[in-house]
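In what follows, a single structure is set out as structure tokens and then discussed.
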Amino acid sequence: MKRYIAQRLLQLIIVIIGVTFLTFFVTTLTPSDAAEMHFLSMGILPSEEELEATREKFGLNDPFLLRYFNWLGGVIRGDFGQSLMDQESIMTKFLRKLPMTLILTGATLLLVVIVSFPLGVFIAVYSNRLPDYLTRLIMFIGNAVPGFWMSLMVMYFLGVQLKLFPIIGRGDAESLVMPMLSLAIPMICSYTRQVRTAVLEELSGDYIVGLRSRGVGEGRILFAHVLPNAMIPIVNMLGLSLGGLLGGSTIVESIYNWKGIGSMVVGAIGNRDYPIIQCYVLWMSVIYVLSNLLVDISHYFMDPQLRIRETVR
Amino acid sequence: MAKLKQAPAGGEIRLKRGLQRGTVIRIKFYAILTIAILFVLFAMNAEHFAPYDPIANDYACSLQPPSAEHICGTDKLGRDVYSRILCGAGGSFSMAFVMLIFVSTIGTTIGMLCGYFGGRFDVIMMRFVDVLLAFPDTVFAIAVAGMLGPGVLNAVIALGLLSWTSFARMARSLTASVREKDFIAQARFNGASTPRIILKYIFPNVAPQIIVMATMRIGGTILSLSSLSFLGLASQPPAPEWGVMVSESKAYMQTAPWMMIYPGLALVLTVVIFNLLGDSLRDVMDTKKQ
Numbered sequence: 007m008k009r010y011i012a013q014r015l016l017q018l019i020i021v022i023i024g025v026t027f028l029t030f031f032v033t034t035l036t037p038s039d040a041a042e043m044h045f046l047s048m049g050i051l052p053s054e055e056e057l058e059a060t061r062e063k064f065g066l067n068d069p070f071l072l073r074y075f076n077w078l079g080g081v082i083r084g085d086f087g088q089s090l091m092d093q094e095s096i097m098t099k100f101l102r103k104l105p106m107t108l109i110l111t112g113a114t115l116l117l118v119v120i121v122s123f124p125l126g127v128f129i130a131v132y133s134n135r136l137p138d139y140l141t142r143l144i145m146f147i148g149n150a151v152p153g154f155w156m157s158l159m160v161m162y163f164l165g166v167q168l169k170l171f172p173i174i175g176r177g178d179a180e181s182l183v184m185p186m187l188s189l190a191i192p193m194i195c196s197y198t199r200q201v202r203t204a205v206l207e208e209l210s211g212d213y214i215v216g217l218r219s220r221g222v223g224e225g226r227i228l229f230a231h232v233l234p235n236a237m238i239p240i241v242n243m244l245g246l247s248l249g250g251l252l253g254g255s256t257i258v259e260s261i262y263n264w265k266g267i268g269s270m271v272v273g274a275i276g277n278r279d280y281p282i283i284q285c286y287v288l289w290m291s292v293i294y295v296l297s298n299l300l301v302d303i304s305h306y307f308m309d310p311q312l313r314i315r316e317t318v319r
Numbered sequence: 060m061a062k063l064k065q066a067p068a069g070g071e072i073r074l075k076r077g078l079q080r081g082t083v084i085r086i087k088f089y090a091i092l093t094i095a096i097l098f099v100l101f102a103m104n105a106e107h108f109a110p111y112d113p114i115a116n117d118y119a120c121s122l123q124p125p126s127a128e129h130i131c132g133t134d135k136l137g138r139d140v141y142s143r144i145l146c147g148a149g150g151s152f153s154m155a156f157v158m159l160i161f162v163s164t165i166g167t168t169i170g171m172l173c174g175y176f177g178g179r180f181d182v183i184m185m186r187f188v189d190v191l192l193a194f195p196d197t198v199f200a201i202a203v204a205g206m207l208g209p210g211v212l213n214a215v216i217a218l219g220l221l222s223w224t225s226f227a228r229m230a231r232s233l234t235a236s237v238r239e240k241d242f243i244a245q246a247r248f249n250g251a252s253t254p255r256i257i258l259k260y261i262f263p264n265v266a267p268q269i270i271v272m273a274t275m276r277i278g279g280t281i282l283s284l285s286s287l288s289f290l291g292l293a294s295q296p297p298a299p300e301w302g303v304m305v306s307e308s309k310a311y312m313q314t315a316p317w318m319m320i321y322p323g324l325a326l327v328l329t330v331v332i333f334n335l336l337g338d339s340l341r342d343v344m345d346t347k348k349q
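The listed protein sequences correspond, in order, to chains G and E.
Mapped onto this note's numbering, the consecutive letters of the first sequence carry residue numbers 7 to 319.
Mapped onto this note's numbering, the consecutive letters of the second sequence carry residue numbers 60 to 349.
Now the structure itself:
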């Protein structure tokens with residue numbers, strides 16, 4: 007197990023180097039100029055000399071590989087550079103935005119689990135009957151709804167029509183509800199389907215027939231045998247969603263003006279603020295590898311077969 | 060508590076039900092295919108059905124609510140929302156379609172080569188695919204499209220950079236399993252060249268799954284492209300594109316909600332049709348396999 011974790015951490019380093027190199031390469035291909043954007047954002051039309059001096063200052067004139075290794079060296083020392091827009095240290099900026107994204111992620115995942123697990127189990131037990139058909143129809147349509155439109159509709163009905171929540175985000179608990187719902191509804195749609203499939207899969211297993219023939223009660227079969235096994239694929243999915251949400255749900259965050267990682271990176275993309283984009287890409291790859299690792303470790307604890315295999319070996 | 064699930068009935072009955080199920084699935088597939096084809100034909104010729112010019116301004120009837128003349132209302136510039144929705148259908152579909160053909164061709168080619176030859180090229184390629192899969196696709200597409208600059212072509216490139224990977228993965232694993240079959244050894248023994256083996260014997264075994272996968276992706280691709288348009292990274296105003304229309308409507312949410320609601324509904328309807336098509340095509344393939 008220890009060796010396995012070490013292996014995965016090594017893989018983390020490879021993925022990070024690969025991904026950051028790739029994004030660095032993409033930034034060199036772009037036609038727009040960060041130095042120019044720097045002046046334009048302050049409302050100044052720069053002269054050619056000023057542009058040249060700023061390019062020199064930001065190190066934009068250095069060769070591509072030198073810039074990449076300079077950046078990588080900084081990251082190892084814990085220095086992610088400064089934002090090209092407001093000269094703020096990216097580490098400070100990032101740490102200021104992170105709690106907002108963490109709150110939104112936590113609240114969304116909690117809601118998704120609370121709603122979709124019982125619902126998924128329920129429609130699996132009553133599969134191919136009216137509640138099942140109805141829920142599946144809604145879920146199918148829900149899967150086809152674009153995220154940006156979902157956010158706007160939630161905002162329109164709950165914020166504009168019913169006036170339940172503030173339309174302009176203030177960062178407090180009240181403003182959390184609408185972004186959370188906008189993120190959670192599409193996820194609930196896919197999770198409920200997945201839970202249903204996983205539970206049905208387990209219910210059709212031979213061991214269920216065995217349990218029934220031994221006179222084990224239906225409730226006990228469901229809660230003690232089916233659910234623990236059905237959880238494994240779901241935990242897998244939760245790990246992936248966690249990664250996606252921690253990356254900041256770009257669209258929802260920017261629609262609700264939720265000041266997290268996602269809206270930060272959308273702003274940075276618009277301003278060609280490359281150091282921030284780089285930092286974000288780094289964060290994404292760390293999250294991805296770590297959440298995968300977490301999923302694998304949880305399998306180890308949830309699936310006795312894996313543990314037995316290891317002791318036998 | 061209700062009985063969880065009935066055990067399947069005896070063999071004979073199961074067979075009979077299986078046949079019936081196959082027929083039902085096939086009928087369902089053809090019905091949805093017909094709807095999808097009609098939709099595409101309609102979308103491609105939408106200009107003839109639109110009652111108004113989708114991009115002509117008419118300030119006299121700006122921000123009108125839905126009425127008999129403008130059944131989905133009008134926008135800020137007095138353009139008929141219904142006509143704009145109709146004319147936006149073709150663009151959404153054809154962008155997604157062209158992109159998927161392109162992406163699945165590249166992915167399948169790379170995947171088949173990896174699966175057939177294996178070795179170092181395969182290992183490097185699959186690690187590269189792993190790296191690309193590290194990103195949630197919309198975020199990656201937003202970043203790349205943002206860096207390349209706004210435009211339909213750039214948006215398609217940005218989405219394409221990630222989406223070929225799943226085709227490559229599937230083509231690779233299918234190829235690797237077909238490669239070990241006896242008929243490939245037979246073909247090689249009879250002197251068939253490597254390109255011939257790949258094209259004549261491996262490709263036909265890979266293609267059906269790839270087609271199913273591509274069909275199932277149409278809906279999702281339309282969604283991703285419209286999200287990029289919504290963020291101002293793909294189609295640009297005044298183009299009658301659904302994402303652009305919803306984006307333009309944001310400022311009028313309180314005064315003219317119809318500008319936001321109808322293009323979104325059109326998008327949902329389109330994606331539902333293509334998701335149904337993908338699912339039912341998969342079901343048909345599954346019953347054939349059995």
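Built from N, CA and C at the ideal position, the CB exists for glycine as well.
- With the criterion set as a beta carbon lying under 8 Å from some beta carbon of chain E, the members of the stretch 122 to 134 of chain G are Val131, Tyr132, Ser133, in sequence order.
- Contact of Met159(G) with chain E by beta-carbon distance below 9 Å involves Met319, Ile320, Gly323.
- CA-CA distance, Pro185(G) to Leu110(G), rounds to 8 Å.
- Residue state for Ser95(G) is assigned as strand, using DSSP reduced to three classes.
- Within the stretch 185 to 209 of chain G, Leu206, Leu209 place their CB atoms closer than 8 Å to a CB of chain E, listed in sequence order.
- Distance from the CA atom of Glu259(G) to the CA atom of Leu136(G), rounded to whole angstroms, is 37 Å.
- When DSSP states are grouped into helix, strand and coil, Thr314(E) belongs to the coil group.
- Shortest Cα-Cα distance from Val265(E) to any of Pro299(E), Asp241(E), Thr280(E), Phe226(E) involves Phe226(E).
- Taking C-beta atoms under 8 Å as the contact rule, Leu218(E) and Thr280(E) qualify, at a distance of about 7 Å.
- In the assembly as shown, Asn76(G) is an exposed residue. Its beta-carbon has fewer than 16 other beta-carbons within 10 Å.
- Uninterrupted alpha helix (DSSP H) stretches at least 4 residues long and entirely within the stretch 166 to 209 of chain E occur at 178 to 191, 196 to 207, given in chain order.
- Collapsing the DSSP output to three states places Gln88(G) in a strand.
- For Leu192(E), the closest alpha carbon among the candidates Gly205(E), Leu220(E), Ala202(E), Leu212(E) is that of Leu220(E).
- Secondary structure within the stretch 221 to 258 of chain G: the alpha helix (DSSP H) runs of 4 or more consecutive residues, fully enclosed, are 233 to 252 (chain order).
- Here DSSP, grouped into helix, strand and coil, assigns Asp117(E) to coil.
- Thr133(E) has Asp139(E) as its beta-bridge partners, per DSSP.
- Straight-line measurement puts the Cα of Val190(E) at about 28 Å from the Cα of Ser95(G).
- In the DSSP assignment, Arg276(E) falls within the alpha helix (DSSP H) that extends over 262 to 289.
- Considering only Thr329(E), Met304(E), Gly250(E), Ser306(E), the residue with the shortest C-alpha distance to Arg276(E) is Thr329(E).
- Remark: C-beta atoms of Phe100(G) and Gln284(G) do not approach each other more closely than 8 Å.
- By the Cβ criterion, the stretch 222 to 236 of chain G is not in contact with the stretch 148 to 158 of chain G, since fewer than three pairs of Cβ atoms, one from each stretch, lie closer than 8 Å.
- Judged by their CB atoms, Ile275(G) and Ile201(E) are nearer to each other than the 8 Å cut-off.
- If you draw a straight line from the Cα of Gly278(E) to the Cα of Gly49(G), it comes to about 42 Å.
- In the DSSP assignment, Phe108(E) falls within the unbroken alpha helix (DSSP H) covering 105 to 108.
- Contact of Gln79(E) with chain G is not assigned, every C-beta pair being separated by 8 Å or more.
- Segment contact: the stretch 115 to 122 of chain E against the stretch 133 to 140 of chain E, three or more CB-CB distances shorter than 8 Å; contact assigned.
- Counting only Cβ-Cβ distances below 7 Å, Ala202(E) has contacts in chain G at Ile275, Ile283, in chain order.
- The distance from the Cβ of Ala102(E) to that of Ala148(E) is about 4 Å, consistent with a contact at the 8 Å cut-off.
- At least 8 Å separates the beta-carbon of Asn249(E) from that of Asn149(G).
- Remark: C-beta atoms of Arg143(E) and Pro316(E) do not approach each other more closely than 8 Å.
- Nearest to Leu246(G) by C-alpha distance, out of Ile129(G), Leu300(G), Leu15(G), Ser269(G), is Leu300(G).
- By the 16-neighbour rule on beta-carbons within 10 angstroms, Pro254(E) is exposed.
- Distance from the CA atom of Met318(E) to the CA atom of Met206(E), rounded to whole angstroms, is 30 Å.
- Neighbours of Gln313(E) in chain G, taken as residues at a C-beta separation under 8 Å, are given in chain order as Val166.
- Below 8 Å, too few C-beta pairs join the stretch 340 to 349 of chain E and the stretch 286 to 298 of chain E to call them touching: fewer than three.
- With respect to chain E, the C-beta atom of Thr141(G) has no partner C-beta closer than 8 Å.
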